[in-house]
Structures are given as structure tokens and as C-alpha cells.
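Novice:
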Amino acid sequence: MTAGQETRLAWPQVSFQDLMATVEFRVGQRAHISVDSQVCRSCTTKDCVTACPADLFAPTSDGGILFNYEECFECGTCYQVCNSEGAITWTYPDGGNGVVFRHG
Amino acid sequence: MPADLLDAIVVGAGPAGAAAALELARAGRSVVLLERGPFPGSKNVYGGVVYGRVLDEVIPRWWEQVPVQRWVVRRSTMVLTASQSLSVDFRTQAWGTAPYNGMTVYRSDFDNWLAGHAVAAGAELVTSTVASGLLRDERGTVVGVRTDRPDGELRARAVIACDGVNSFLAKEAGLLPRVAAAHHTLGVKEVLELPAEVIEERFGLGPHQGIDIEMLGATGGIPGGGFLYTNSDTVSVGVVVSLPGLAKAKVRPEQLVADLKAHPAIAPYLRGSSVKEYSAHLIPEGGYDAMPKLAIDGMVIAGDAAGLCLAAGIWLEGVNFAIGSGLAAGRAVARAVAAGDTSARGLAGYRRDLESGFVLADHKRLRGAPRLVLNERIQQRYPGLICDLAEGVFTVTNPRPKPGLLRLAAGSARRNRVRIGELVRDGLAGARVFR
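Chains as they are written, first to last, in our numbering: chain A, 33 to 136; chain B, 310 to 744.
1. Could you name the residues that DSSP lists as bridge partners for residue 56 of chain A?
2. When you compare each of B:389, B:617, B:627 and B:414 to residue 526 of chain B by their alpha carbons, which one comes out closest?
3. Around the C-beta of residue 296 of chain B, are 16 or more other C-beta atoms found within 10 angstroms, so that it is buried, or is it exposed?
4. Tell me whether residue 337 of chain B is buried or exposed, calling it buried when 16 or more other Cβ atoms sit within 10 Å of its Cβ.
5. Can you say whether residue 729 of chain B is buried or exposed, counting buried as having 16 or more other CB atoms within 10 angstroms of its CB?
6. Beta-carbon separation of residue 285 of chain B and residue 128 of chain A under 7 Å?
7. Classify residue 692 of chain B as helix, strand or coil using the three-state DSSP reduction.
8. I'd like the span of the beta strand (DSSP E) that includes residue 384 of chain B, first residue to last.
9. Who are residue 360 of chain B's beta bridge partners in DSSP?
10. So, is residue 59 of chain A buried or exposed, given that buried needs 16 or more other C-beta atoms within 10 angstroms?
11. Quick one: is residue 51 of chain A near chain B, going by C-beta distance under 7 Å?
12. Assign residue 378 of chain B to one of two classes, buried (16 or more other C-beta atoms within 10 Å of its C-beta) or exposed (fewer than that).
13. In this structure, does DSSP put residue 40 of chain A in helix, strand or coil?
14. Have a look at B:606, B:398, B:411 and B:321 and flag the residue whose alpha-carbon is nearest the alpha-carbon of residue 420 of chain B.
15. For residue 525 of chain B, which three-state DSSP category applies?
16. Using a C-beta cutoff of 7 Å, does residue 35 of chain A count as contacting chain B?
17. Opposite residue 113 of chain A in the DSSP bridges: which residues?
18. For residue 585 of chain B, does the three-state DSSP call read helix, strand or coil?
19. For the putative contact between residue 430 of chain B and residue 335 of chain B, defined by C-beta atoms under 8 Å, what is the C-beta separation to the nearest angstrom?
20. By the 10 Å Cβ neighbour count, where 16 or more other Cβ atoms means buried, how is residue 449 of chain B classified, buried or exposed?
21. Sort out for me which residues DSSP pairs residue 399 of chain B with in a bridge.
22. Run down chain A in chain order and give the residues with a C-beta less than 9 Å from the C-beta of residue 437 of chain B.
23. Beta-carbon within less than 6 Å of residue 411 of chain B's beta-carbon, same chain only, minus the 5 sequence neighbours each way: which residues are those?
24. Any beta-carbon of chain B closer than 7 Å to the one on residue 39 of chain A?
25. What did DSSP end up calling residue 47 of chain A once you bin it into helix, strand or coil?
26. Beta carbons nearer than 9 Å to chain A: which residues of the region 388-412 of chain B have them?
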């Protein structure tokens, strides 16, 4: 290894967007997860927002939660950390849809 | 899909489901193996090593055909603080030759391969199909599953739910609570591309040889651990963290992996690599005491659905427990079908077999481990204690004379807020758990 290689960054800084772009998703028509923003408004912790590894939950200005199902790992973190029974309705995507891990 | 009554439906073509279907097919039973992904393994993520001994009697000389990445010949345990690391590094040539000990794999290859054996034995694999619910008769006995296919319902004498950590079938049957955050961890992983020669040079490996590193103190104070393992031309690195701990810390999971990658003890291994895939998955880590009932009328559960991951600190195993439980489930259901009794009573042999084999024997023996290894002292204070002590021992203080081990240990304990009484108590607890 040359000296030039030694001094460069350990790895290129990867944006979260680039990280997510490495994952294959077969996006179905049906949203397999739905969020009852009405319930979320009374939630003080909103743990789903930070815990979701795909960063799919975004707080809205009126205290609700905006959710995007398309790039979901189907891991279940969101409903497990949710402290409001029933705020997150979780099913699997239809057969063949959703995340496809190649190197899991 | 078949319209007549099947002997068994296996839901989920991961290692548990494939093993169950394989045993049923070999016993001459009609079995459909449902997989919601486009191919077996497409939804699955693991954290390091598949131990193949459980396959010896099922697929003789499996190592000659398994889609392996590398054979693990080095096993390291690393204790980290922000600026220090101490490793216990073991290697043996024995693990690098048949019959081998552990291997790294890609689950898309491995799960597909194992399911292929079930198909070769006569199981019918149906992919891209979700089992969306249970069919039950008026007495509550499970008699089949509803699927998301137009011709949707499948009936069988028994259902084996191997539908993973979120098992909606086990939840529907009332075997698992809907939510149990304290019994789950989140694994987050990056697979990083590096040329095979570079991997072999950096980790001191020969061709086809691999390393598995497990880390304590690598998760920013959140209960859990880090891992790094080598594949043929990628390195997989990531963390496993407790769900309540992650939620409380308000840290993004990908940030934990980024921090680990930037650690001075890890970064040099990864220099120049590029990300090939990012992934995440839940792990059931509740152990024996959180385990659900395994059989009801018409149904048994296996693998992650039954919470059978072993998270015992020095032993972190899942795929082998999935295979072991799947094999036992397949055999028990085959016996029950042959005897004409697939009630919970007729299926009770499943649990007995697991108790007498490694699956529940290991879990029972190590039932105290999940609580112990996730305790705050082991997670947050002991890594500093150990690393500080090592730094004290190996730092040469000339011209001052050496301070002596006792004084170093006392100073290190004080700096890391460790009380000797607690240390002794945890040591004894550890001895009890791992006896």
C-alpha cells in the first residue's frame, strides 16, 4: 500500500441516502404499515422516529407522524418500540414485495 | 397450490422451515413450504457464523456443497472503549478443514440451498406468498392457513410456523405477545466490499479462511454488542442493540454502525472499502424464560418464531438453533400425522425432543445469560475497567518503578466506578450462568 492510500479517509463518507440505495426493494401498491397520526399526537417519546433503521418515520409540525412504507426492512422495530397500543398497524408486504436482501 | 388436504404446511423457508419441510418430505409426508419473499433467505439477516454440526446427520458431507463464504478459523472477542481495545484472539487449523466448525454465508445463498434440499426430498416450495392468518375449526384447532393468493386457503393436518421473529401466526394463536421490546434486539449491518487478497492480508487469513470478531463496549453505552466477520470479498460489520436501550438513547442505528466503523481498532480493517448492502433485522433474545408454548392443537412453532436464538454473550447462535428446532418439529409432526393425532397432545413429542437435544438443553442451562450480559455494569463499566487495567499493565512508567497489579486494578476500578463487591457478585453470577 502506498503512502497516499494510507493517509486517505478510512472509507468514503456515505450519506444515509446512499446507504439505503444499496438495498433492493420491490415496492408494492399496498402500504403494509399504517400509522394513526391521531394517536401519535399524544405520544411524547416518538421512539419510532429515531429507532427505525430505515428512517421511515418523520414527525410533522402538528405533532403527528408521517410514514413512508416503500423502503422498509420489515424488521418490526417501530411497532415494538411504539408506546401507544394501536398507533402502528403492521403487516407484511404482499408476497414477493418488499425488501430483498442479497448479502444478509 | 394443492387443493386436497396436506399432511403439513410449513410457513417460512428460512433454516427452521426448510429443515422441518426436509424431515417431513423424507418421512414421505405431503408438505408445502411457504415463503413470503421471492426466494428463501431474501428477508433474512444474521450476525456472523453458521455452525454446521447440526447438519451432519441430515446432509452427509454438507460442507462439500454448502454455499460458504469463508470457514471461520479465528474467533476474537474484543472489549472496546472510545480509544482502547483489548482482544482475546483464538485461532485453530482444525476449524479450517472438514468437518469444519463455523462458516460465514450470505443468507440468500444458504437458506436457498437448504430449502433446495427440502424440495429435492419432495416438499413443494411456494415463494412470494404470505401466510396471512390461521384457519381454525370450531374447536380452535389449527387446520391450515390463509394466504394472500387468489386461491388462498391451504388445509393440512398440521401447521409449522417458522415465520420468524415477528411471527404473526404465533401472535394470532396467542403464543406470543404482540409486543415485547425487552426481549428483542435490533441488528444493523453494513456489508463492505474489499478484494479477497486484502481481506486475507489484513486479518491474517489464508484463502477460504475467515474471522469472526464479537465486541463488547462497541454500542455507545446501549446494551448490546458489535460484530465483524469476513466473507469472500466483503466484510460484514454491525451492531446488535437492545430495543428499549436504543429507543431511550435516541441515537440513529446507522450512526452506531458508522461510529463502530470509525473506531481506531476497527477503521484500519475497513480502509478503502465501499458499502455493498445495508440491512437490519430483529433478534429474539429473551432466552428460555421468555420462550412461548411450542405446540397447540394443529400447530407447532420453531426457529426465531419460538424465540430460539441463543444470546449468551460468549455464544451467539441462531441459525443452528433454527435448524435444530425445525428438524425436531418436522420429525414430531411426521410422527403425529402417522399416529393420526396432531392435537397438542399428539405433538408434545416436539418439546420433549428439544429438551433432550441441544436446543432447549442449551437454552435451559444458559437461561440467566441474557439478563447477565445486558446488565449495565458489564455493558458500560467493565469494558473501561478491563481496558484501563491493560493500559496500566503495559504502559512502562520508567523512570518510576512499576506500580504493581493490585494498585493498578484498584485505580482502574475507581476510575470506572466499579465496586469490588459488585465485581465479585457478577463474577459469581457469571460462574453460575456459564457453569
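The beta carbon of each residue, even a glycine, is placed where N, CA and C say it ideally should be.
Specialist: So, from the listed chains and residues:
1. For this step, residue 56 of chain A is matched to residue 24 along the first sequence. According to DSSP, residue 56 of chain A bridges with A:132.
2. Against the second sequence, residue 526 of chain B aligns to sequence position 217. Taking only the C-alpha atoms, the option nearest residue 526 of chain B is B:389.
3. Here chain B has residues from 310 to 744 only, and residue 296 of chain B is not among them.
4. Position 28 of the second sequence, counted from the start, is the residue given in the question as residue 337 of chain B. Answer is exposed; the Cβ neighbour count stays below 16.
5. Here residue 729 of chain B is taken as the residue at index 420 of the second sequence, counted from 1. Exposed: under 16 other Cβ atoms inside 10 Å.
6. Because chain B is modelled from 310 through 744, residue 285 of chain B falls outside the range shown and cannot be assessed.
7. Translated into positions along the second sequence, residue 692 of chain B becomes position 383. Note: residue 692 of chain B maps to helix in three-state DSSP.
8. Position 75 of the second sequence, counting from 1, holds the residue named residue 384 of chain B. Counting along the chain, the beta strand (DSSP E) containing residue 384 of chain B begins and ends at 379-389.
9. Translated into positions along the second sequence, residue 360 of chain B becomes position 51. Residue 360 of chain B is bridged to B:411.
10. Looking up residue 59 of chain A in the first sequence gives position 27. Exposed.
11. Stepping through the first sequence from its first residue, residue 51 of chain A is reached at position 19. Yes - at least one Cβ of chain B is within 7 Å of the one on residue 51 of chain A.
12. Position 69 of the second sequence holds residue 378 of chain B. It counts as buried.
13. By one-based count along the first sequence, residue 40 of chain A stands at place 8. Below a pLDDT of 50, predicted positions are generally treated as unreliable, and residue 40 of chain A, at 42, falls in that range; no measurement from the model is reported.
14. Counting from 1 along the second sequence, the entry for residue 420 of chain B is found at position 111. The shortest C-alpha separation from residue 420 of chain B is found at B:321.
15. Taking the second sequence and counting its residues from 1, the one referred to as residue 525 of chain B is at position 216. Note: residue 525 of chain B maps to strand in three-state DSSP.
16. Position 3 of the first sequence, counted from the first residue, corresponds to residue 35 of chain A. Only weak support exists for where residue 35 of chain A lies, its pLDDT of 38 falling under 50; the coordinates are left without a value.
17. Reading the first sequence from its first residue, position 81 is the one you call residue 113 of chain A. Answer by DSSP bridge pairing: none, since residue 113 of chain A is not bridged.
18. Along the second sequence, one-based indexing puts residue 585 of chain B at 276. The answer is strand: DSSP assigns residue 585 of chain B an E or B state.
19. On the second sequence, residue 430 of chain B is found 121 positions in, with the first residue counted as 1. On the second sequence, residue 335 of chain B is found 26 positions in, with the first residue counted as 1. At roughly 5 Å, the Cβ-Cβ gap stays under 8 Å, so residue 430 of chain B and residue 335 of chain B are in contact.
20. In the second sequence, residue 449 of chain B corresponds to position 140, counting from 1. Exposed, since its Cβ has fewer than 16 Cβ neighbours within 10 Å.
21. The residue you call residue 399 of chain B lines up with position 90 of the second sequence. Per DSSP, B:384.
22. Translated into the one-based positions of the second sequence, residue 437 of chain B becomes position 128. Ordered by position in chain A, the residues that pass the 9 Å Cβ test against residue 437 of chain B are 126, 127, 128 and 129.
23. Locating residue 411 of chain B in the second sequence gives position 102, where the first residue counts as 1. So the list reads 358, 360 and 381, once near-sequence residues are dropped.
24. Numbered from its first residue, the first sequence carries residue 39 of chain A at position 7. At residue 39 of chain A the pLDDT is 40, less than 50, meaning the model places this residue with poor confidence; the figure from the coordinates comes in the next sentence. With 7 Å as the cut-off, residue 39 of chain A does not count as an interface residue toward chain B.
25. In the first sequence, residue 47 of chain A corresponds to position 15, counting from 1. Three-state result, residue 47 of chain A: coil.
26. none
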